[in-house]
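Protein chains in written order, with this note's numbering: chain R, 447 to 751; chain U, 447 to 751.
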């Protein structure tokens, strides 16, 4: 018994193409339609066989759907929803995969007909790659997907979207959009902002050339470049859409960094040692919960991987 | 023809034990002696068979050596060198593996007899693990090792240390200690400082509990926790020993971060997009130079790895 029989995927980049592949793998009876605003992406999606039908118009993709999943940057979700609204079946459930939820919930509520069942979602998964070729069916397996339905949303619709993500291999959590945006500001948005900044800083140093930075990157820097290679449009939109929460955690981070800077300047080794010991415990928690691999990583190309 | 026939490894943690294993694998004719200040580490090293002889006193390990390699935290290098100096053969070459080079060069020159051939070295490799059990022979393969001999050092000694690291699989570069400290402040020390800070910030938030931070860490945060799980003693010493270069790049980083913070507050999406596009190119350079794996990483447990 499938939670949905006709799934429309709007936006066929890394996440959308992974959703399409995962639906094909996990729900073999379901019909899949797809659309992307970029003709080149539509062409690639057709070549890859990502959907039963990749349509040139978003409305054509959703006209028979019972689930519409918007996989576009969060800044484009309102416009994408408005464009397909006239063709949306009254009983279709609408969801998304955006990394911010309060702004998305507001945009969807405004763009879609009153009474539409809207269940915003965020699968906490991704890679530094972009585009329809970069997706893979296993992307969501063992990862969390957070649903943020508004109060009063039909519980049956929430349950079906939950079952959908579980079918794709994810674990599902439900929380308010505000709490989601607060938690993800810490666990995802701030780390990306920091990584983008440090890679920019390193590229701009006039007395150390970029070639040296690249050559000696294995000492830690390369792990930041991985994160800082993520999709620019997606991340621009995230920082603009979740501005308040990001600015708040950024302020705390800056205070903590200034505290460490002062300790280094004053030669306070005990303060440094205590923090560096404390942060190890967080790592252990992540490995124990299965959210990362316990194997040593820095030498990864050469250590049997 | 081996560059050295009798290698003494002082300090048998992650790096020292990896050196011992790599010497065993790459230079099967060489004798290996070892010492660690910690009796428990010596016991583990004996159980693991890391050396032909693990001695209780550092002098006993070096008395017949033609290469002495100090693998202790940079803050302990001077004391370790002074302790073995009375037993050091006059023709032995002394090297190390410290992450800072100017302070190490000064400490070694002061602690060792005049005329000792000193070739400080830094293999740019490591993992977030510590201790003798964490080492592995392949750690240095394909990684860079930077030598920073003082002006006037016997070129033959430099050549032998270079041949030693090449035998262990590393590529060798030579530069001044000052330049090394400047480059590594960017590619290694600042990334570690930032990672320690952000993991600390996330642990201290009162309105998001640590369990949530761990659960939803796959959005970027977990990659910082890996770096922030590195050895506390080693990293405390690095920041104290390379203080000036670290504080300088930290100042630049903070300026750049403030610039981005301002762009987010003002909603300047173009500035964000331009930076995020530029940082992608740095990532491409690292993958092209073989200093990281091109495969997508965030979903790493579940994507055929």
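Ideal placement from N, C-alpha and C gives every residue a C-beta, glycine not left out.
Q: Take residue 449 of chain U and list the residues in its own chain whose beta-carbon comes closer than 7 angstroms to its own, dropping the five residues that flank it on each side.
A: 606, 609, 610, 613
Q) How would you label residue 532 of chain U, buried or exposed, when you count the other beta carbons within 10 angstroms and need 16 or more for buried? A) exposed
Q. Name the residues in the segment 566-577 of chain U whose C-beta lies less than 7 angstroms from a C-beta of chain R; which are they?
A. 570, 571, 572, 573, 574, 575
**Q.** Where the beta strand (DSSP E) containing residue 614 of chain R begins and where it ends
**A.** Looking at the DSSP string, residue 614 of chain R is not in any beta strand (DSSP E), and its letter there is neither H nor E.
Q. Assuming residue 719 of chain R and residue 678 of chain U make a contact with CB atoms under 8 angstroms, what is their CB distance in whole Å?
A. 5 angstroms
Q.
Quick check on DSSP: helix, strand or coil for residue 448 of chain R?
A. coil
Q) Which residues in chain R sit within 7 angstroms of residue 639 of chain U, going by Cβ to Cβ distance? A) 706
Q: Identify the continuous alpha helix (DSSP H) that holds residue 518 of chain R and give its terminal residues.
A: Element bounds for residue 518 of chain R: n/a, residue is neither H nor E.
Q.
Can you find the residues in the same chain that come closer than 7 angstroms, C-beta to C-beta, to residue 589 of chain R, ignoring five residues on each side of it along the sequence?
A. 569, 570, 571, 616
Q | Start-end ranges of the alpha helix (DSSP H) lying completely within the segment 650-732 of chain U, minimum 4 residues | A | 656-661, 667-673, 678-687, 689-712
Q. Looking at the C-beta of residue 749 of chain U, does it have a partner C-beta in chain R at a distance below 7 angstroms?
A. Here residue 749 of chain U scores only 33 on pLDDT, less than 50, and its place in the model should not be relied on; the value that follows carries that caveat. By this cut-off, residue 749 of chain U is an interface position.
Q | Nonlocal neighbours in the same chain, by C-beta distance under 6 angstroms from residue 746 of chain R, ignoring five residues either side | A | A caution first: residue 746 of chain R carries a pLDDT of 42, below 50, which makes its placement in the model unreliable, though a value can still be read off. Nothing meets the Cβ criterion.
Q.
Against chain R, with Cβ distances strictly below 7 angstroms, would residue 757 of chain U count as a contact?
A. Shown here, chain U extends from 447 to 751; a query on residue 757 of chain U therefore has no answer.
**Q.** Closest residue to residue 491 of chain R among R/580, R/529, R/673, R/714 (Cα-Cα distance)
**A.** R/580
Q) residue 722 of chain U versus chain R: which residues are under 7 angstroms apart at the beta carbon? A) 642, 678, 681, 682
(Q) Beta-carbon within less than 7 angstroms of residue 681 of chain R's beta-carbon, same chain only, minus the 5 sequence neighbours each way: which residues are those? (A) 638
(Q) Could you check whether residue 641 of chain U and residue 695 of chain U sit closer than 7 angstroms to each other, using their CB atoms as the reference points? (A) no
Q: Have a look at R/552, R/622, R/534 and flag the residue whose alpha-carbon is nearest the alpha-carbon of residue 755 of chain R.
A: Chain R is shown only over 447 to 751; residue 755 of chain R falls outside these bounds and no answer can be derived.
Q: Note the first and the last residue of the continuous beta strand (DSSP E) segment covering residue 542 of chain R.
A: 539-542
(Q) Could you check whether the Cβ of residue 613 of chain R sits closer than 6 angstroms to any heavy atom belonging to the ligand NAP? (A) The model depicted lacks the ligand NAP and carries no ligand whatsoever.
Q. Is there at least one Cβ from chain U nearer than 7 angstroms to residue 744 of chain R's Cβ?
A. Its pLDDT being 41, under 50, residue 744 of chain R is placed unreliably by the model, and the measurement read from it follows with that caveat. Closer than 7 angstroms: yes.
Q | Residues of the segment 685-698 of chain U whose Cβ lies closer than 8 angstroms to any Cβ of chain R, in chain order | A | 685, 686, 689, 692, 693, 695, 696, 698
Q: Find the residues of chain R that neighbour residue 590 of chain U, judging by a C-beta separation of less than 8 angstroms, and give them in chain order.
A: 661, 662, 664
Q) For residue 543 of chain R versus residue 604 of chain R, is the C-beta spacing smaller than 7 angstroms? A) no
Q: Write down the C-beta distance between residue 454 of chain U and residue 507 of chain U rounded to the nearest angstrom, noting that I regard them as a contact closer than 8 angstroms.
A: 5 angstroms
Q: Flag residue 735 of chain U as yes if its beta-carbon sits less than 7 angstroms from any beta-carbon of chain R, otherwise no.
A: yes
(Q) Rounded to the nearest angstrom, what separates residue 485 of chain R and residue 467 of chain R at their Cα positions? (A) 20 angstroms
Q: Taking only runs that begin and end inside the segment 489-515 of chain R, name each unbroken alpha helix (DSSP H) of 4 or more residues, in chain order.
A: 504-508
Q: Could you work out which residues of chain R lie near residue 633 of chain U, taking near to mean beta carbons separated by less than 9 angstroms?
A: 648, 654, 658, 659, 660, 661, 662, 663, 664, 665, 666, 667, 668
**Q.** Whole-number beta carbon distance between residue 574 of chain U and residue 478 of chain U, since they are thought to touch under 8 angstroms
**A.** Incorrect: roughly 26 angstroms between the Cβ atoms, too far for contact.
(Q) Give me the DSSP bridge partner(s) of residue 569 of chain R. (A) R/591
Q.
Using CA atoms only, rank isn't needed, just tell me which of U/697, U/698, U/707, U/690 is closest to residue 698 of chain R.
A. U/707
Q) Between U/526, U/512, U/517, which lies nearest to residue 539 of chain U when the distance is taken from Cα to Cα? A) U/512
Q. Does any residue of chain R bring its CB to less than 7 angstroms from the CB of residue 598 of chain U?
A. no
(Q) From the DSSP secondary-structure annotation, give me the bridge partner or partners of residue 481 of chain R. (A) R/456
Q.
Can you find the residues in the same chain that come closer than 7 angstroms, C-beta to C-beta, to residue 621 of chain U, ignoring five residues on each side of it along the sequence?
A. 592, 594
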